[in-house]
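> Just so you know, we're using this note's numbering here: the sequence shown kicks off at 1 and counts up by one. Idealized CB from N, CA, C, for every residue including glycine. Computed from a prediction, not measured in an experiment: that's the story for all the values here.
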Amino acid sequence: SRTSVVFINQLREKIGIMFGNPETTSGGRALKFYASVRLDMRRIGPVKEREVVIGNHVRVKVVKNKVAPPFRQAEFDIMFDEGISHESLLVDIAAEAGIIEKAGAWYAYGKERIGQGRENAKLYLKDHPDLAIEVEAKVKEHLGVKAVVVAADEEASTPEE
């Protein structure tokens with residue numbers, strides 16, 4: 001039926017637990033057993049623009065997964081006005097892969113410096129979408145992900161009877 005059901009729950013702390021994890025979810029254990037995928041999302045820190053908080057840096061751990069390998073984790077920014085920040089993911093992954101070079105606080109792509117600090121590099125990629133597409137293509141090639149190209153002007157052809 002191609003349907004997903006998302007449950008959002010909170011953590012509570014058990015009192016008097018001397019060993020093991022004192023955190024538990026409210027509502028019993030049924031969701032823990034029934035769920036196919038469980039994610040643990042935790043705020044690492046704020047994303048600030050000067051003194052104003054504009055988002056959160058989040059770490060997500062896969063606690064349980066019946067459909068893919070479990071126990072993986074990812075970090076990304078969730079911006080209040082746009083959701084998950086594509087540009088910050090691109091900067092982080094490209095810097096980790098060596099596509100964007102990081103020297104101190106400066107980020108550079110090829111011979112061109114794209115920003116001092118992660119936020120400035122992110123803004124540069126947002127202002128230059130052609131460069132962002134080029135960096136994304138190199139990141140996908142590095143990770144072994146095949147790009148799917150769908151032409152907008154192609155019509156679905158149906159066999160004639």
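(1) Can you tell me where the beta strand (DSSP E) holding Phe76 begins and where it ends?
(2) Considering only residues of the same chain and omitting the five flanking positions on each side of Ser36, which have a CB-CB separation below 7 angstroms?
(3) Give the single residue among Arg50, Ser26, Tyr124 whose Cα lies nearest to the Cα of Ser88.
(4) What did DSSP end up calling Pro46 once you bin it into helix, strand or coil?
(5) Going by beta carbon distance, what residues of the same chain come within less than 7 angstroms of Ala105, once the five residues before and after it are set aside?
(6) With Asn65 as the anchor, note down where its beta strand (DSSP E) starts and where it stops.
(7) Looking at C-alpha atoms only, which residue of Lys111, Leu143, Gly20 is the closest neighbour of Glu96?
(8) Taking C-alpha atoms, which residue in Ile54, Gly55, Leu90 lies nearest to Lys140?
(9) Return the chain-ordered ranges of every beta strand (DSSP E) run that is complete within the stretch 65-142 and spans a minimum of 3 residues.
(10) Look up Arg38 in the DSSP assignment and give the residues it is bridged to.
Put simply:
(1) 73-79
(2) Lys66, Val67
(3) Tyr124
(4) strand
(5) Gln116, Gly117
(6) 52-65
(7) Leu143
(8) Leu90
(9) 73-79, 101-103, 106-109, 112-116
(10) Lys64
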